[in-house]
Amino acid sequence: MKNYCVVQHTYSEFLGLIESQLEKRDIGFSYYRPFVGQDLPGSAAQFDGLWLLGGAWPTADHEENPQVPDELSLIDIFRRSKRPVVGVGMGGLLVAEQAGGTAHEDPMYRARFVTAHKTAAGEGDALAEALDGRRVLQLVNGRVDLPEDVQPILVDDDGDWLAIRPDELTYGMLFRPEVKPGMLEDIIMEARHNPPPNMGELLGEARMEWGEMQKVTEDVLVALVKTLGLMQERRKMPVFSLKIEDEG
């Protein structure tokens, strides 16, 4: 069975809407939670790909995110292993940083609906084509300035990047196709989270946009399945059970 490694950064931010889309395609996933002290895997050998989810703090804040160097190493491992990597929100920032970008703590909050615009670099890309002109939810803390050799495939009205594709099997996105209104409510309630000041207003807007949000999620998954081959099971190392025989 196909199995994806999923790195979760807060209790309230999980695969959300994407879970059902993956399950419908017989794609399994294993969560890793470094924010509760769980170690990240040291290899990509048991997985078909990597997802990195949203979080509460900028990637540049290593006091709140001491695991960032380990996540950057994990992204590198999966990219070198030619396995798909998808980052959303904080995960998108991590993808950009691992590709050579520079992380900053400001702005602390970007919590809004924005219109996505395809760039010249996004021509022909299934994700960029699917979302061109669509409203998407952006929920991210901090920023990462892109290196010169990485061009965005989607930008917002101000020309700031919304999505990148550093290589054929890797995407970083600052919009949040996995989020549903209930997750925003959970973010508000989570004790150690860092919700934006306008979260109540954003929640009301998300409820009104709920129908379109579901369509965006479905179109994002269709695009990722097509471009990353998510339905393809990668060759994984067998797991051996060591049994010690009693010779006595």
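According to the numbering used here, the stretch in the sequence shown is residues 448 to 695, in order.
Using N, Cα and C, we set each Cβ at its ideal position, and we do this for glycine too.
Predicted, not measured: the structure shown is a model, and the values here were computed from it.
Using only the alpha-carbon positions, how far apart do Asp-517 and Ala-550 sit?
Against the sequence shown, residue 517 aligns to sequence position 70. Against the sequence shown, residue 550 aligns to sequence position 103. Asp-517 and Ala-550: Cα-Cα distance of roughly 15 Å.
To the nearest angstrom, how far is the alpha carbon of Gly-539 from that of Leu-609?
Your numbering for residue 539 matches position 92 in the sequence shown. Your numbering for residue 609 matches position 162 in the sequence shown. Roughly 9 Å between the two C-alpha positions.
Give the list of continuous beta strand (DSSP E) stretches no shorter than 3 residues that lie fully inside the region 630-658.
With a minimum length of 3 residues, no continuous beta strand (DSSP E) run stays inside the region 630-658.
Count the CB pairs spanning the region 564-575 and the region 526-540 that are closer than 8 Å, and state whether there are at least three.
No, the region 564-575 is not in contact with the region 526-540.
Helix, strand or coil for Lys-449, going by three-state DSSP, please let me know.
In the sequence shown, the residue the question calls residue 449 occupies position 2. Strand.
Helix, strand or coil for Val-533 per DSSP?
Position 86 of the sequence shown, counted from the start, is the residue given in the question as residue 533. In the structure shown, Val-533 sits in a strand (DSSP, three-state: E or B).
Looking at the unbroken beta strand (DSSP E) that takes in Arg-472, where does it start and where does it end?
Taking the first residue of the sequence shown as 1, we reach residue 472 at position 25. Premise fails: Arg-472 is in no beta strand (DSSP E) and is neither H nor E.
Count the other CB atoms within 10 Å of the CB of Ile-600; is the residue buried (16 or more) or exposed (fewer)?
Residue mapping note: residue 600 aligns to position 153 of the sequence shown, counting from 1. With 16 or more other Cβ atoms within 10 Å, it is buried.
Spatial neighbours of Gly-619 within its chain, please: C-beta separation below 6 Å, excluding the five flanking residues on both sides.
Sequence index remark: in the sequence shown, residue 619 carries index 172 (1-based). Cβ neighbours of Gly-619 beyond the five flanking positions: Gly-534, Gly-539, Val-542, Ala-543 and Ile-611.
Apart from the five residues just before and just after Leu-462, which ones in its own chain have a Cβ nearer than 8 Å to its Cβ?
Along the sequence shown, one-based indexing puts residue 462 at 15. So the list reads Val-453, Leu-469, Phe-476, Trp-498, Leu-500 and Glu-625, once near-sequence residues are dropped.
Using the C-alpha atoms, what's the distance from Asn-450 back to Ala-507?
Along the sequence shown, read from residue 1 onward, the residue named residue 507 stands at position 60. Along the sequence shown, read from residue 1 onward, the residue named residue 450 stands at position 3. The straight-line gap from Cα to Cα measures roughly 30 Å.
Would you kindly check if the distance between the Cβ of Leu-649 and the Cβ of Leu-621 is under 8 Å?
Here residue 621 corresponds to residue number 174 of the sequence shown, with the count starting at 1. Here residue 649 corresponds to residue number 202 of the sequence shown, with the count starting at 1. No. Outside cutoff.
Which residue marks the beginning of the alpha helix (DSSP H) containing Asp-517, and which one marks its end?
The residue given as residue 517 occupies position 70 in the sequence shown. Its alpha helix (DSSP H) spans residues 515-527.
Within 10 Å of its beta-carbon, does Asn-588 have 16 or more other beta-carbons around it, so buried, or fewer, so exposed?
Here the question's residue 588 lines up with position 141 in the sequence shown. With 16 or more other Cβ atoms within 10 Å, it is buried.
Does the distance from the C-beta atom of Thr-566 to that of Asp-604 stay below 8 Å?
Residue mapping note: residue 566 aligns to position 119 of the sequence shown, counting from 1. Residue mapping note: residue 604 aligns to position 157 of the sequence shown, counting from 1. No, the pair does not count as a contact, with Cβ atoms beyond the cut-off.
By Cβ distance below 7 Å, which residues in the same chain neighbour His-509 in space, the five residues on each side in sequence not counted?
Taking the first residue of the sequence shown as position 1, residue 509 is located at position 62. Hits under 7 Å: Val-515.
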